[in-house]
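Here our numbering = 1-based position in the sequence shown + 24. Worksheet for the structure shown next.
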Amino acid sequence: MNRRWKVLTSSLLFLRISSAAINLQAQNGLPGDKAATRETRMLYGNMYKLVQTKVIFGHQDDLAYGVGWAYEKGRSDIKSVTGAFPGVYGWELGHLELDSARNLDGVPFKNIISYVKEVYSRGGINEFSWHFDDPVTGKTAWSTPTTTVKQIIPGGDHHAAFIKYLDKFAVFVNQLKGPKGELIPVIFRPLHEHTGGWFWWGNKECTPEEFTTLWKFTVDYLRNTKKLHNLLIGYSAADYKTEADYLERYPGDAYVDIIGFDAYQGKDADYFKKDLDNRYQILEKVAAEHHKIPALTEAGYQGIPEPEWWTQVLLPAISKYKTAYVLTWRNWKTEHYFAPFPGQVSAADFKNFYADPKIVFQDKLKPAIYTKNL
Ligand code: BMA
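Structure (structure tokens):
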């Protein structure tokens with residue numbers, strides 16, 4: 025082998041090794057958006073690390089209202105029970121598409137903007153779901169049957185109506201700014217529970233191809249046309265039995281950052297445990313293969329009638345598998361709540377859940393989650 029040849033082959037080898045290193049980096053802890061802001065990349069990287077050992081506790085609408093109260097500054101049912109706020113905060117965007125001042129659950133969007141800023145300033149994590157009305161029929165998110173997805177993707181006769189939704193989303197997200205004018209990173213979980221049949225984007229309403237087209241269009245439009253680079257995209261299924269079910273409508277790794285599923289306990293606790301276990305096993309495999317962050321994107325037991333549900337049912341399940349966060353649904357009223365409040369039958373057990381070394385609330389998160397490699 026002559027010298028020139030040697031130099032050439034060794035530099036080729038170097039190139040191969042360094043591109044492998046870059047690939048590895050891309051696979052481990054970088055979001056799908058190559059132009060994601062620094063804060064967004066930091067958040068994602070830190071969540072990627074945290075998920076190896078911890079689970080962050082989350083609650084929908086936590087700062088807005090709880091059972092028996094609404095809009096009291098500094099109040100939170102979670103804080104009233106444990107002394108700490110949750111670490112993840114879910115917010116709902118339904119009716120943003122109607123230019124309404126309040127979301128479909130009555131929460132003023134103005135308030136949501138200030139909650140998001142408050143959460144960011146203390147190192148909490150904000151997440152958005154969107155039960156948007158059907159852009160073709162004007163009916164609610166829960167209206168089926170429809171052919172809406174086919175009609176709103178590129179080439180569809182109502183494509184423009186869907187673009188208007190996304191434009192309103194961009195106007196809203198552009199108001200979520202930190203003290204230096206930086207966009208606050210948020211998890212955006214669009215078109216959720218799409219493996220179920222209850223929303224207009226559900227699996228009976230469109231083909232897998234139509235669904236993934238809608239998903240990709242949504243993400244591409246927000247990233248490339250609206251220049252929003254502060255979104256971590258959440259893919260959140262409802263029920264599924266197999267890996268093929270779970271991935272049937274998966275839009276691709278560039279379009280997803282956090283993958284998970286929603287799971288609620290009904291009357292049959294044994295079924296819930298078994299089903300959770302099955303769905304988790306599949307999720308963990310897919311998350312590892314696709315290098316994504318797994319999460320239990322919604323969970324709960326309405327009314328939590330079992331006093332030890334937190335430590336006996338939820339904790340064992342989420343401790344067994346990697347879970348970046350578990351988001352319990354909203355505490356609206358005595359007939360519809362998913363987290364405890366003082367005096368609620370599972371409140372004492374929830375304090376034990378809070379004290380478990382694996383579980384993270386707001387008091388263990390720092391604002392540096394957005395600025396430093398932790
Ligand atoms: C559902 C219920 C509804 C609510 C919707 C969107 O699970 O809590 O009352 O309107 O979520 O937040």
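The beta-carbon is built from N, C-alpha and C at its ideal position, and this holds for glycine as well. The model shown is predicted, which means the values in this text are computed figures rather than measured ones.
Boundaries (first-last residue) of the beta strand (DSSP E) holding residue i
i, result
"Trp222", "Trp222 -> no beta strand (DSSP E), and no H or E assigned at all."
"Ser153", "Ile149 to Ser153"
"His83", "Val79 to Gln84"
"Ala262", "It is not in any beta strand (DSSP E) - Ala262 carries neither H nor E in the DSSP assignment."
"Ala319", "Ile317 to Gly324"
"Ile211", "Val210 to Phe212"
"Tyr349", "Tyr349 to Thr352"
Beta bridge counterpart(s) of residue i as assigned by DSSP
i, result
"Ile102", "DSSP, once it has assigned bridges, lists no residue as partnering Ile102."
"Ala185", "Ala185 is not bridged to any residue."
"Leu256", "Ile211"
Inter-residue Cα distance where the pair is residue i and residue j
i, j, result
"Lys309", "Ala341", "16 Å"
"Ala262", "Val160", "24 Å"
"Phe385", "Ile80", "6 Å"
"Thr64", "Gly82", "19 Å"
"Ala293", "Arg354", "21 Å"
"Val131", "Phe196", "14 Å"
"Trp225", "Phe362", "25 Å"
"Tyr345", "Lys375", "22 Å"
"Tyr349", "Tyr295", "22 Å"
"Gly324", "Thr352", "5 Å"
"Gln49", "Trp356", "Caution is warranted here: a pLDDT of 42 is assigned to Gln49, below 50, making its placement in the model unreliable, and the coordinate value is therefore given only provisionally. Approximately 42 Å between the Cα atoms of the pair."
"Tyr394", "Leu256", "13 Å"
"Lys298", "Lys265", "11 Å"
"Leu87", "Glu272", "36 Å"
"Leu207", "Asp123", "22 Å"
"Asp57", "Ile282", "12 Å"
"Cys402", "Lys174", "The requested residue 402 is not part of the displayed model; the chain covers only 25 to 398."
"Val210", "Tyr304", "24 Å"
"Pro366", "Val143", "23 Å"
"Asn135", "Lys103", "19 Å"
"Leu398", "Pro110", "20 Å"
"Lys333", "Val369", "Note that residue 333 is Trp in the sequence shown here, rather than Lys. The alpha-carbon atoms of Trp333 and Val369 are separated by roughly 10 Å."
"Glu267", "Lys97", "44 Å"
"Lys382", "Ala185", "45 Å"
"Ser260", "His218", "8 Å"
"Val105", "Arg146", "20 Å"
"Trp154", "Phe212", "9 Å"
"Leu300", "Ile317", "17 Å"
"Val140", "Pro178", "32 Å"
"Pro404", "Lys250", "Because the chain in this structure spans residues 25 to 398, residue 404 falls outside the shown range and cannot be described."
"Ser343", "His182", "44 Å"
"Asp380", "Gly202", "32 Å"
"Thr335", "Tyr378", "9 Å"
"Pro214", "Gly258", "7 Å"
"Leu238", "Ile149", "26 Å"
"Asn198", "Ala319", "26 Å"
Three-way DSSP call (helix, strand, coil) for residue i in this model
i, result
"Tyr279", "helix"
"Tyr394", "helix"
"Asn47", "Here the model assigns Asn47 a pLDDT of 42, short of 50, so the residue's position is not dependable and the matter cannot be decided."
"Ile176", "helix"
"Trp115", "strand"
"His360", "strand"
"Lys298", "helix"
"Thr231", "coil"
"Gly290", "coil"
"Val384", "strand"
"Lys97", "coil"
"Arg126", "strand"
"Gly69", "helix"
"Tyr89", "strand"
"Pro169", "coil"
"Phe285", "strand"
"Lys375", "helix"
"Lys58", "coil"
"Lys201", "strand"
"Leu215", "coil"
"Leu120", "helix"
"Leu271", "helix"
"Leu207", "strand"
"Glu313", "helix"
For residue i, the first and last residue of its enclosing alpha helix (DSSP H)
i, result
"Asn248", "Unbroken run through Asn248: none, as it is neither H nor E."
"Pro340", "Leu339 to Lys344"
"Tyr139", "Phe133 to Ser145"
Chain D contact for residue i (CB, 7 Å cutoff)
i, result
"Trp353", "No chain D appears in this structure, which consists of one protein chain only."
Examine the Cβ distances between the stretch 272-287 and the stretch 326-337 and report whether three or more of them are shorter than 8 Å.
At 8 Å Cβ cutoff, the stretches do not touch.
So, do the stretch 61-77 and the stretch 104-124 have three or more beta carbon pairs nearer to each other than 8 Å?
Between the stretch 61-77 and the stretch 104-124 there are fewer than three C-beta pairs closer than 8 Å, too few to call the two in contact.
Count the C-beta pairs between the stretch 163-171 and the stretch 214-234 that are closer than 8 Å, then say yes if the count reaches three, no if not.
In this structure the stretch 163-171 touches the stretch 214-234; the number of beta carbon pairs closer than 8 Å is three or more.
I want to know whether the stretch 84-103 touches the stretch 232-251 - three or more CB-CB distances under 8 Å.
Touching, no, given that fewer than three Cβ pairs across the two stretches are closer than 8 Å.
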